[in-house]
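S.K.:
Residue numbers (the numbering used here): 19 to 139.
Okay, here's the thing in structure tokens:
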């Protein structure tokens with residue numbers, strides 16, 4: 019495999035330092051439909067998703083994280099929000115999330131977006 023070493027990346031109008039791209043970009047993300055038979059609309063570094071019950075989804079990574087990472091997400095269904103489930107010992111290979119309605123109960127959502135930031139193994 020070849021290696022390219024550069025300090026900046028430019029598209030002729032904007033220049034960005036490569037350290038920002040390497041350190042500041044999401045290393046895995048997914049946009050999924052969580053209603054009925056769940057499906058991935060588009061993703062990066064996501065090998066698969068699983069339906070773990072009402073409003074409960076698992077994102078499996080193609081490439082593992084080297085340790086802890088930060089997860090954020092959103093759901094676009096009215097009156098819903100996304101919370102992260104407890105971390106597991108194999109946190110570097112997947113993340114579990116639950117979509118909950120304002121009433122606190124788990125709720126399937128048609129648009130769920132999950133982003134993960136950290137260092138890949």
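All residues carry an ideal CB built from backbone N, CA and C; glycine is no exception.
In this text, all values refer to a predicted model and were calculated from it rather than measured experimentally.
1. Which class does residue 39 belong to by DSSP, given the choice of helix, strand or coil?
2. By a C-beta neighbour count over all protein chains shown, 10 Å radius and 16 as the cutoff for buried, is residue 40 buried or exposed?
3. Short check: CB of residue 94 to CB of residue 137, under 8 Å?
4. Could you check if residue 29 is buried or exposed, using at least 16 other CB atoms within 10 Å of its CB as the buried criterion?
5. Taking a contact to mean a Cβ-Cβ separation below 8 Å, would you say residue 48 touches residue 27 in this structure?
M.R.: By the coordinates alone:
1. Correct three-state label for residue 39: helix.
2. Residue 40 is classed as exposed because its beta carbon has fewer than 16 other beta carbons within 10 Å across all chains shown.
3. No, Cβ-Cβ distance for residue 94 and residue 137 is not below 8 Å.
4. Burial state of residue 29 is exposed, judged by a 10 Å Cβ sphere holding fewer than 16 other Cβ atoms.
5. The Cβ atoms of residue 48 and residue 27 lie no closer than 8 Å to each other.
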